[in-house]
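Everything on this sheet refers to the single structure shown next.
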Amino acid sequence: MKEYNYLCSAKHKKAVMEYTVIIEKNPETGMYIGQCKQLPEVLSQGNTLEELMGNIKEAIELAIECRKEELREAYLNRKVFHRKVRVSA
-5 MKEYNYLCSA
5 KHKKAVMEYT
15 VIIEKNPETG
25 MYIGQCKQLP
35 EVLSQGNTLE
45 ELMGNIKEAI
55 ELAIECRKEE
65 LREAYLNRKV
75 FHRKVRVSA
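Everything in the sequence shown is counted per the working numbering, starting at -5 for the first residue and increasing by one.
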């Protein structure tokens, strides 16, 4: 499962990271509520999915700005392994 990707543009030297957003629709209000999987303190809401995604993107950017160096070091120093498994069906 892809948690997030770290991409670097040689032209702009700016990192681009992808995050997973867990989304739930509140049945009472009809609003969408989202939480960033990798940054669980980041929550947002919106009347539409598009509004929610714009709001949560802004919230993630603010959280990253506050924790930029900590997150960068943690990402660059992580060790990730991928293995395949066969399962009989």
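Don't be surprised by glycine CBs; every beta carbon is placed ideally from N, CA and C.
Note that this is a predicted model, so its numbers are computed, not measured.
Cβ shell of residue 14 (< 6 angstroms), same chain only, five flanking positions each side left out:
For residue 14, same chain residues with a beta-carbon under 6 angstroms away, outside a window of 5 residues either side, are 31 in chain order.
For residue 19, which of helix, strand or coil comes out of DSSP?
Under the three-state reduction of DSSP output, residue 19 falls in the strand class.
I'd like to check one pair, residue 57 with residue 22: are the Cβ atoms closer than 8 angstroms?
In this structure, residue 22 lies away from residue 57, with their beta-carbon atoms at least 8 angstroms apart.
Should residue 82 be labelled buried (16 or more other beta-carbon atoms within 10 Å of its own) or exposed?
Its Cβ having fewer than 16 others within 10 Å, residue 82 is exposed.
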